[in-house]
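Using full-length UniProt numbering, read the sequence shown as starting at 1 and increasing by one per residue.
Positions of the beta carbon are idealized from the N, C-alpha and C atoms, including for glycine.
A quick note: this is a predicted structure, and the numbers were derived from the prediction, not measured.
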Amino acid sequence: MVEDLIVPIGLPVVIAVCTAVILCVLSMMYLTFFGKTKYQAPARYTLDQPWDHAPILFSATEVPNMALPAHAHESDTEGGAAHGKW
């Protein structure tokens with residue numbers, strides 16, 4: 001009885017999936033060639049220009065010591081610090 005439903009249910013599902021894939025590919029091709037971006041690319045920065053942005057410093061100094069196997073030392077930490085004058 002279930003074998004009788006394979007073609008009536010499976011064929012529309014296969015057709016729907018194939019149609020969806022074709023529509024996705026066509027939409028990606030359309031956006032690649034005719035799509036407009038809603039943002040402007042940032043201007044290229046060179047070293048002769050003044051830097052007027054606030055400094056961003058990412059550091060992982062507050063990470064506690066890792067629980068490592070016996071082969072590692074207690075002083076092994078994850079991350080580190082960055083020092084320097086801005």
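Residue range of the unbroken alpha helix (DSSP H) whose run includes residue i
i: L23; result: I6 to F34
Length of the line joining the Cα atoms of residue i and residue j
i: V17; j: V7; result: 15 Å
i: K36; j: V14; result: 33 Å
i: F33; j: L26; result: 11 Å
i: P42; j: D48; result: 17 Å
i: M29; j: K38; result: 18 Å
Residues of its chain near residue i, where Cβ-Cβ distance is below 8 Å and the 5 sequence neighbours each way are ignored
i: A54; result: none
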